[in-house]
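To keep things clear, I will list the structure first and then write my remarks on it.
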Amino acid sequence: MANLIVLEFPTAEGAETMLSTLENLQKQQLIQVQDAAIVTWPVGAKKPKTRQLSNMTAAGALGGAFWGMLFGLLFFIPFFGLAVGAAIGAIAGHYAKYGIDENFINQVREKVTEGTSALFLLTSGAVVDRVAE
Numbered sequence: 006m007a008n009l010i011v012l013e014f015p016t017a018e019g020a021e022t023m024l025s026t027l028e029n030l031q032k033q034q035l036i037q038v039q040d041a042a043i044v045t046w047p048v049g050a051k052k053p054k055t056r057q058l059s060n061m062t063a064a065g066a067l068g069g070a071f072w073g074m075l076f077g078l079l080f081f082i083p084f085f086g087l088a089v090g091a092a093i094g095a096i097a098g099h100y101a102k103y104g105i106d107e108n109f110i111n112q113v114r115e116k117v118t119e120g121t122s123a124l125f126l127l128t129s130g131a132v133v134d135r136v137a138e
């Protein structure tokens with residue numbers, strides 16, 4: 006079973022810095038990254054920047070459409086207001102099958118703000134005690 010993990014960092018560069026550690030964990034076969042993406046929100050920027058990490062992902066990755074819709078739901082749709090309310094409900098319903106509910110969305114919105122970053126990982130087969138070190 007795959008798990009969606011969001012690692013949040015107090016700086017806009019934190020998620021990028023974590024990539025080398027994550028690549029090392031993958032080489033040691035302590036974690037299998039099925040798909041990954043980074044969100045960075047530099048100080049002074051009106052909205053975050055996102056990018057999928059295609060070089061780290063396994064075959065069968067979810068792809069850009071998954072991440073694009075998720076990040077739109079998390080960071081960009083709130084700026085559009087009520088005009089897209091019905092569409093938000095449909096998109097949120099789609100992500101519920103991945104365990105991404107309204108609570109998850111609200112938590113990420115609260116924590117990933119200007120001056121921070123996050124690493125979104127879809128993983129499986131992690132050796133949890135070793136990865137936590």
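One gets this note's numbering by counting positions in the sequence shown from 1 and adding 5 to each.
Backbone N, C-alpha and C define an ideal beta-carbon position, used for all residues, glycine too.
Output the boundary residues of the beta strand (DSSP E) element that contains residue i.
{"i": "V38", "result": "Q37 to T45"}
{"i": "F125", "result": "S122 to S129"}
{"i": "L58", "result": "Unbroken run through L58: none, as it is neither H nor E."}
{"i": "I105", "result": "From DSSP, I105 is part of no beta strand (DSSP E); its letter is neither H nor E."}
Taking the alpha-carbon positions, what's the residue i to residue j distance?
{"i": "I110", "j": "A41", "result": "17 Å"}
{"i": "L126", "j": "V38", "result": "7 Å"}
{"i": "V113", "j": "Q33", "result": "29 Å"}
{"i": "E13", "j": "F80", "result": "15 Å"}
{"i": "L87", "j": "A17", "result": "Any answer about L87 is weak, because its pLDDT of 45 lies below 50 and its placement is not dependable; what the coordinates show is given next. Answer to the nearest angstrom: the Cα atoms are 29 Å apart."}
{"i": "G19", "j": "V44", "result": "10 Å"}
{"i": "I36", "j": "P53", "result": "27 Å"}
{"i": "F85", "j": "E21", "result": "Model confidence at F85 stands at a pLDDT of 47, short of 50, so the residue's coordinates are unreliable; what they give is reported in the following sentence. F85 and E21: Cα-Cα distance of roughly 29 Å."}
{"i": "Q11", "j": "V117", "result": "For the record, residue 11 in the displayed sequence is Val; it is not Gln. If you take the alpha carbons of V11 and V117, they lie about 10 Å apart."}
{"i": "L58", "j": "A7", "result": "17 Å"}
{"i": "E107", "j": "G130", "result": "26 Å"}
{"i": "F76", "j": "A123", "result": "11 Å"}
{"i": "E119", "j": "T55", "result": "13 Å"}
Would you give the residue range spanned by the alpha helix (DSSP H) that residue i belongs to?
{"i": "F80", "result": "No alpha helix (DSSP H) holds F80; DSSP gives it neither H nor E."}
{"i": "E119", "result": "E119 -> no alpha helix (DSSP H), and no H or E assigned at all."}
{"i": "E2", "result": "No answer is possible for residue 2: the residues shown for the chain start at 6 and end at 138."}
{"i": "K32", "result": "G19 to K32"}
Determine the contact status of residue i and residue j, defining contact as a CB-CB distance below 8 Å.
{"i": "T128", "j": "P15", "result": "no"}
{"i": "L30", "j": "I105", "result": "no"}
Stretch pair the stretch 46 to 55 + the stretch 23 to 36: three plus CB contacts closer than 8 Å = no
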